[in-house]
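Order-wise, the sequence lines are chains A and B.
My numbering applies: residue 88 is where the first sequence begins, and numbers increase by one.
My numbering applies: residue 2 is where the second sequence begins, and numbers increase by one.
Beta carbons: idealized from backbone N, C-alpha and C, even for Gly.
This report concerns only the one structure given below.
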Amino acid sequence: GAVVSQHPSWVICKSGTSVKIECRSLDFQATTMFWYRQFPKQSLMLMATSNEGSKATYEQGVEKDKFLINHASLTLSTLTVTSAHPEDSSFYICSAPPGTSYTGELFFGEGSRLTVL
Amino acid sequence: DAKTTQPTSMDCAEGRAANLPCNHSTISGNEYVYWYRQIHSQGPQYIIHGLKNNETNEMASLIITEDRKSSTLILPHATLRDTAVYYCFVRVGNRDDKIIFGKGTRLHILP
């Protein structure tokens, strides 16, 4: 089946630095990818929709200048957390619908756990 | 906001059937019912989805009421590995339609 891969799986950084998380569709092309954030013991919260070749669409309350999303190719979307602070520590998950073989299922990455010291 | 409501948590004995309910009373005619689960510190895993007919696959069965206002996910023989948070949501089913997650049900399988 289709596979979505995220990298890194976990990252620890100092406050004030920027961190980039990659989301790749390994065996299909994804014109759209979704980025979620999940705090401990909470549900997934949609942050933004990433569109290949155009600007991302952010959900209300999500700072677009803090969470930079780039979807430069049909298999790669990146989320950059700029000037990270401890409150940005979270589990970030991406999702992509498959291309031509779409049967209703959406595929999720394994998640990237960010810890900001 | 999520259009579904689920119990916060449930327990089920290992080997028994786990029946997880979901209410979606405002579901639209073109919206599918989806079920995913999330095992701790992993990405969500697809289980099953359906429009109005009952569905079954190798993982589970989905029973949708005739008025489509609620559904039940059935794990026929629960194992310890089925311990997870189970999310029910509705979406149109277009490739680019986003998912809005509710709080889900935390299922504990008891040995």
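Proximal residues of chain B, C-beta to C-beta of residue i below 7 Å
i      : result
A:E197 : Q43, G44
A:E84  : In the structure displayed, chain A extends from 88 to 204; residue 84 of chain A sits before or after that span and is not available.
Where residue i falls, given that 16 or more other Cβ within 10 Å makes a residue buried
i      : result
A:H172 : exposed
A:Q126 : Looking at the sequence provided, one finds Phe at residue 126 of chain A rather than Gln. A:F126 comes out exposed.
B:D83  : buried
A:S141 : exposed
B:T27  : exposed
B:A14  : exposed
B:C5   : With the sequence shown as reference, residue 5 of chain B is identified as Thr, and Cys is not the correct amino acid for it. B:T5 comes out buried.
Chain A contact residues for residue i, given Cβ-Cβ distances below 8 Å
i     : result
B:K99 : F121, L133, T136
Inter-residue spacing [alpha-carbon to alpha-carbon] between residue i and residue j
i      : j      : result
B:S126 : B:G44  : The structure shown does not extend to residue 126 of chain B, since chain B is modelled only from 2 to 112, so the question has no answer here.
A:G196 : A:H94  : 9 Å
A:D114 : A:V90  : 7 Å
A:E139 : A:A159 : 6 Å
A:L131 : B:H50  : 19 Å
B:F90  : A:F194 : 15 Å
B:Q46  : A:S182 : 11 Å
A:D175 : B:I101 : 21 Å
B:L81  : B:G16  : 9 Å
Contact set between residue i and chain A, taken where Cβ atoms lie within less than 7 Å
i     : result
B:Y33 : G191
Sheet register partners of residue i (DSSP bridge)
i      : result
A:E109 : A:H94, A:T165
A:S137 : A:M120
A:Q125 : A:F178
B:Q46  : B:R38
B:S71  : B:N24
Short Cβ contact (8 Å threshold) for residue i with residue j
i      : j      : result
B:Y33  : B:G94  : yes
A:T167 : A:S105 : yes
A:F121 : A:T136 : yes
A:E109 : A:L161 : no
A:V98  : A:S170 : no
Beta-carbon neighbours of residue i, restricted to chain B and to distances below 8 Å
i      : result
A:I180 : G44, P45
Residue i: CB within 7 Å of a non-hydrogen atom of the ligand ADP
i    : result
B:Q7 : Of ligands this structure carries none, so the ligand ADP is not represented either.
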